[in-house]
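Numbering follows my numbering, in which position 86 of the sequence shown is assigned residue number 290; successive positions increment by one, without gaps.
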Amino acid sequence: MNFKNKPWWSYFSNGWEHSAIVYDTNIVEAVNYGQNSRKISLQQFFEIYSSQIDRMIIIKMNLNNSQKTTIKNYIDTKLLGKPYPSNIALLNSKYSMSTFYCSSLVWRAHYNSGRFVDLDEKTTPTIVYPIELIFSDNVGSLYSVTF
């Protein structure tokens, strides 16, 4: 399916509502309004969300060791502990460094390492949706998991 030719509003209807980064044995995510971006163990993630999810797509990014190190260091020093924006759709740009919603955190980690992982032009629109991370040309292998 070619999502590049779909209107922006169709991204909401594809059922993918959250994105996060897995590295080592941790999940890095921007969760919800009122909470800061965080790193939790995979075990904690499944304890928290096991009753809320019925499927996942896991993307194995094609990253070299240098890119992996850059992304990990950037996450640990720049992306953790940031608040979730109060109004994502109207006020928060994916280029913002002061607040993060789930897919903007994932996007920003890759963008900082020189990778562009969304379907839009590089400047507009300024919002990145979880579904765009799945269908970007810069992702690697996709694995679907059903619970």
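Using N, Cα and C, we set each Cβ at its ideal position, and we do this for glycine too. For clarity, every value in this text was computed on a predicted model and none was experimentally measured.
- Between the region 254-264 and the region 295-307 there are fewer than three inter-stretch CB-CB distances shorter than 8 angstroms, so the stretches are not counted as touching.
- Under a 10 Å Cβ-count criterion, I335 is classified as buried, with 16 or more other Cβ atoms of the shown protein chains found around its own Cβ.
- In the structure shown, E221 falls within a coil segment according to DSSP collapsed to helix, strand and coil.
- Judged by DSSP secondary structure, L309 falls within the alpha helix (DSSP H) whose first and last residues are C306 to N316.
- Distances from the CA of S340 to each of Q239, N266 and F250 were compared; the closest alpha carbon is that of N266.
- The C-alpha of V343 lies about 10 angstroms from the C-alpha of R319.
- The criterion of a C-beta distance shorter than 8 angstroms is satisfied by K298 and T330.
- S317 counts as buried, since at least 16 other C-beta atoms from the protein chains shown sit within 10 angstroms of its C-beta.
- For a cut-off of 8 angstroms, the C-beta gap from I262 to Y347 is around 4 angstroms, short enough to register as a contact.
- Between the alpha carbons of N230 and K276 lies a distance of about 11 angstroms.
- In this chain, Y237 is not harboured by any beta strand (DSSP E), its DSSP state being neither H nor E.
- Distance from the Cα of P287 is smallest, within the candidate group G238, H222, I338 and L337, for G238.
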